[in-house]
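Colleague: In this note's numbering, the protein residues as written are 8 to 453.
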Ligand SMILES: C[S@@+](CC[C@H](N)C(=O)[O-])C[C@H]1O[C@@H](n2cnc3c(N)ncnc32)[C@H](O)[C@@H]1O
């Protein structure tokens, strides 16, 4: 990679230093070296890959966009790959914009990946990643589009849950990319205004490990969950404050310890630290689309696996009515308690506590004909997939909600091999500015 001159170059992130190219074609790059690269396709995790014809090296570049010519500073080398940050753009993509956040950029906050891309481009990049994962891992191609979630056109101010890390000095901030370092910030641009209003980063939290702020825009509720061993807590503008000890036991400091979320025209109790979609419009849209895809009828038996606070189970319970049944499974005790509370109006919906694979092995699927699965990033356990593919089962329609295209692709391969057919796949831009994306895959079995 011979050094070349810069052609109208601009530093990435609005600041940064112009560095001379320091690696050559013959030397293996080291951290701190500067490479001049043409950036290729986007890959999972907020990277673009630059494959070097001369050395066969794959360089994973952040803060770049496909087609750009950049100078990139190497941040890490391993036996298999090189990671680098684009620090200077020599030829820029038409999709590039100035990052709205001053903490975004090489060596800064690791919370966002695509602040330098237009929102439309971010969605195209996410769709490309989903499609690529399907091709590489599941071995088939399928068109997919990633749509915005209505009500958030600018991609900022949407995040209703932010987990701030706390450094040794007690400062709450966000982690630098692939680092334990905490970047002090005064304002996270993707956080909801109510999160910003709690003003957590202006306070000191000595002894704490993390401070998670969760808010409900519809009711303006604010909750704070502190982990670690805080030596006293600063005053913070939140109705609910709790400390979570090492064992997970909760020490109430103030308020009820849960938030009342609104979705599908109902209230849902969600304890601090419990799972709820972080985009304010996501629970509504996913609830609606899952119901449309599963088309539950009165009398149906439905499964909600990895049910969290019971959102899908509640919607299914209402649809199948008292002649039907819903079997929901969740392993986290606090979430199980929330789900049981949220489902109290539908006694035909039962929440089983435990690992999904264990519960299915123990109970079977109890004559269910429709199911929704919404696993964590690790995807659905192999044993649970085997149960869902059991040819003797009556299951006919399956909605798979996923926040990780790689494990979704792995599981779709297994489901297709097990007799399911993919009938629909869509993406939701539930995490603008980051590489994260929510997917809904729908499957049927003849
Ligand atoms: C992505 S959340 C989905 C929650 C819910 N469907 C919703 O939309 O609010 C995944 C849930 O799965 C639970 N979970 C993770 N691993 C599990 C397992 N092996 N067995 C049962 N539940 C699990 C987590 O506690 C979490 O509540």
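The beta-carbon is built from N, C-alpha and C at its ideal position, and this holds for glycine as well.
Taking the straight line between their C-alpha atoms, what separation do you get for residue 329 and residue 202?
Modeller: Sequence index remark: in the chain shown, residue 329 carries index 322 (1-based). Sequence index remark: in the chain shown, residue 202 carries index 195 (1-based). Straight-line Cα distance between these residues: approximately 40 Å.
Colleague: Just to confirm my understanding: we take residue 421, look at its own chain, exclude 5 residues before and 5 after, and list those with CB closer than 6 Å. What are they?
Modeller: For this step, residue 421 is matched to residue 414 along the chain shown. Result list for residue 421: 392, in chain order.
Colleague: Could you tell me the alpha carbon to alpha carbon distance between residue 104 and residue 122, rounded to whole angstroms?
Modeller: Taking the first residue of the chain shown as 1, we reach residue 104 at position 97. Taking the first residue of the chain shown as 1, we reach residue 122 at position 115. Rounded to whole angstroms, residue 104 to residue 122 spans 8 Å at the Cα level.
Colleague: So, are the CB atoms of residue 124 and residue 102 less than 9 Å apart?
Modeller: Position 117 of the chain shown, counted from the start, is the residue given in the question as residue 124. Position 95 of the chain shown, counted from the start, is the residue given in the question as residue 102. In this structure, residue 102 lies closer than 9 Å to residue 124 by Cβ.
Colleague: Who are the Cβ neighbours of residue 50 in its own chain at under 6 Å, not counting the five residues just before and after it?
Modeller: Sequence index remark: in the chain shown, residue 50 carries index 43 (1-based). If we look at residue 50 and ignore the five residues flanking it on each side, its Cβ neighbours are 56.
Colleague: What do you get for residue 32, buried or exposed, if any count of 16 or more other CB atoms within 10 angstroms of its CB means buried?
Modeller: For the purposes of this step, residue 32 is taken as the residue at position 25 of the chain shown. Interpretation of residue 32 is limited by its pLDDT of 44, a score under 50 that renders its predicted location unreliable; no figure is taken from the coordinates.
Colleague: Any heavy atom of ligand 1 closer than 8 Å to the beta-carbon of residue 339?
Modeller: Your numbering for residue 339 matches position 332 in the chain shown. It does: the Cβ of residue 339 is within 8 Å (strictly closer) of some heavy atom of ligand 1.
Colleague: With residue 246 and residue 230 assumed to form a contact (beta carbons below 8 Å), what rounded beta-carbon distance in angstroms separates them?
Modeller: What you label residue 246 is simply residue 239 of the chain shown in a count that begins at 1. What you label residue 230 is simply residue 223 of the chain shown in a count that begins at 1. About 7 Å separates the two Cβ atoms, so the contact holds.
Colleague: What are the start and end residues of the alpha helix (DSSP H) that includes residue 136?
Modeller: Translated into positions along the chain shown, residue 136 becomes position 129. That run of the alpha helix (DSSP H) goes 126-140.
Colleague: Comparing C-alpha positions only, which one of 72, 140 and 41 sits nearest to residue 412?
Modeller: Counted from its first residue, the chain shown places residue 412 at position 405. Taking only the C-alpha atoms, the option nearest residue 412 is 140.
Colleague: Would residue 311 pass as a contact of residue 366 if the rule is Cβ separation under 9 Å?
Modeller: Along the chain shown, read from residue 1 onward, the residue named residue 311 stands at position 304. Along the chain shown, read from residue 1 onward, the residue named residue 366 stands at position 359. Not a contact, by the Cβ cut-off of 9 Å.
Colleague: Can you list, in chain order, the residues of its chain with a C-beta nearer than 8 Å to that of residue 451? Leave out the 5 residues immediately preceding and following it.
Modeller: If you number the chain shown from 1, residue 451 lands on position 444. 403, 404, 405, 427, 428 and 430.
Colleague: Kindly indicate which residue of 178, 107 and 407 has the alpha-carbon position closest to the one of residue 192.
Modeller: In the chain shown, the residue the question calls residue 192 occupies position 185. Looking at the Cα atoms, 178 is the closest of the given residues.
Colleague: Any contact between the stretch 316-331 and the stretch 383-400? By contact I mean 3 or more CB pairs, one from each, below 8 Å.
Modeller: Touching, no, given that fewer than three Cβ pairs across the two stretches are closer than 8 Å.
Colleague: Return the residue from the list 41, 226, 164 and 237 that minimises the CA-CA distance to residue 175.
Modeller: Here residue 175 refers to the residue found at position 168 of the chain shown. Among 41, 226, 164 and 237, the Cα nearest to that of residue 175 belongs to 237.
Colleague: What did DSSP end up calling residue 364 once you bin it into helix, strand or coil?
Modeller: Position 357 of the chain shown, counting from 1, holds the residue named residue 364. Residue 364 falls in the helix class under three-state DSSP.
Colleague: Alpha carbons only, please: which of 93, 164, 65 and 263 is nearest the one belonging to residue 19?
Modeller: The residue you call residue 19 lines up with position 12 of the chain shown. Among 93, 164, 65 and 263, the Cα nearest to that of residue 19 is on 93.
Colleague: Scan the stretch 197-282 and note each continuous alpha helix (DSSP H) run of 4 residues or more that stays entirely inside, going in chain order.
Modeller: You should have 200-204.
Colleague: Compare the C-alpha of residue 243 against each of 260, 235 and 252 and name the closest.
Modeller: What you label residue 243 is simply residue 236 of the chain shown in a count that begins at 1. Residue 260 is the option with its Cα nearest to residue 243.
Colleague: Under 8 Å: do the stretch 299-310 and the stretch 273-281 share three or more Cβ pairs, one atom per stretch?
Modeller: At 8 Å Cβ cutoff, the stretches do not touch.
Colleague: Whose C-alpha, out of 218, 91 and 116, is nearest the C-alpha of residue 241?
Modeller: Here residue 241 is taken as the residue at index 234 of the chain shown, counted from 1. The shortest C-alpha separation from residue 241 is found at 218.
Colleague: Provide the residue span of the beta strand (DSSP E) that contains residue 377, from first to last.
Modeller: What you label residue 377 is simply residue 370 of the chain shown in a count that begins at 1. From DSSP, the beta strand (DSSP E) with residue 377 extends over 377-380.
Colleague: Any idea if residue 286 is buried or exposed, counting beta-carbon neighbours within 10 angstroms, 16 or more meaning buried?
Modeller: The residue given as residue 286 occupies position 279 in the chain shown. Result: buried.
Colleague: Can you tell me whether residue 195 sits near ligand 1, meaning its C-beta is under 8 Å from at least one heavy atom of the ligand?
Modeller: Here residue 195 refers to the residue found at position 188 when the chain shown is read from its first residue. Not under cutoff, so the answer is no.
Colleague: State yes or no: is the C-beta of residue 290 nearer than 8 Å to some heavy atom of ligand 1?
Modeller: Here residue 290 corresponds to residue number 283 of the chain shown, with the count starting at 1. The answer is yes for residue 290.
Colleague: Tell me whether residue 74 sits in a helix, a strand or coil according to DSSP, three-state version.
Modeller: If you number the chain shown from 1, residue 74 lands on position 67. In this structure, residue 74 counts as coil in the three-state DSSP scheme.
Colleague: Taking buried to mean at least 16 other C-beta atoms within 10 Å of its own C-beta, is residue 43 buried or exposed?
Modeller: Counting from 1 along the chain shown, the entry for residue 43 is found at position 36. Buried, because 16 or more other Cβ atoms sit within 10 Å of the Cβ of residue 43.
Colleague: Here's a check: name, in chain order, each residue in its chain whose Cβ is nearer than 6 Å to the Cβ of residue 162, leaving out the five neighbours to either side.
Modeller: As a working note, residue 162 is residue 155 in the chain shown. The residues are 126, 439 and 440.
Colleague: If you draw a straight line from the C-alpha of residue 395 to the C-alpha of residue 303, how long is it?
Modeller: Reading the chain shown from its first residue, position 388 is the one you call residue 395. Reading the chain shown from its first residue, position 296 is the one you call residue 303. Cα to Cα, the separation comes out at about 18 Å.
Colleague: Span of the alpha helix (DSSP H) holding residue 345?
Modeller: Numbered from 1 along the chain shown, position 338 holds the residue referred to as residue 345. Element bounds for residue 345: 340-349.
Colleague: Measuring CA to CA, which of 79, 361, 335 and 214 is closest to residue 252?
Modeller: For the purposes of this step, residue 252 is taken as the residue at position 245 of the chain shown. When only C-alpha atoms are compared, the closest one is 214.
Colleague: Is DSSP giving residue 337 helix, strand or coil here?
Modeller: For the purposes of this step, residue 337 is identified with residue 330 of the chain shown, where counting begins at 1. In this structure, residue 337 counts as strand in the three-state DSSP scheme.
Colleague: Thinking C-beta only, is residue 382 closer than 9 Å to residue 435?
Modeller: Taking the chain shown and counting its residues from 1, one reaches residue 435 at position 428. Taking the chain shown and counting its residues from 1, one reaches residue 382 at position 375. In this structure, residue 382 does not lie closer than 9 Å to residue 435 by Cβ.
Colleague: Can you tell which of 199, 277 and 432 has its C-alpha closest to the C-alpha of residue 232?
Modeller: Counting from 1 along the chain shown, the entry for residue 232 is found at position 225. Among 199, 277 and 432, the Cα nearest to that of residue 232 is on 277.
Colleague: Straight-line CA distance for residue 235 to residue 358?
Modeller: The residue you call residue 235 lines up with position 228 of the chain shown. The residue you call residue 358 lines up with position 351 of the chain shown. Each residue's alpha carbon lies about 30 Å from the other.
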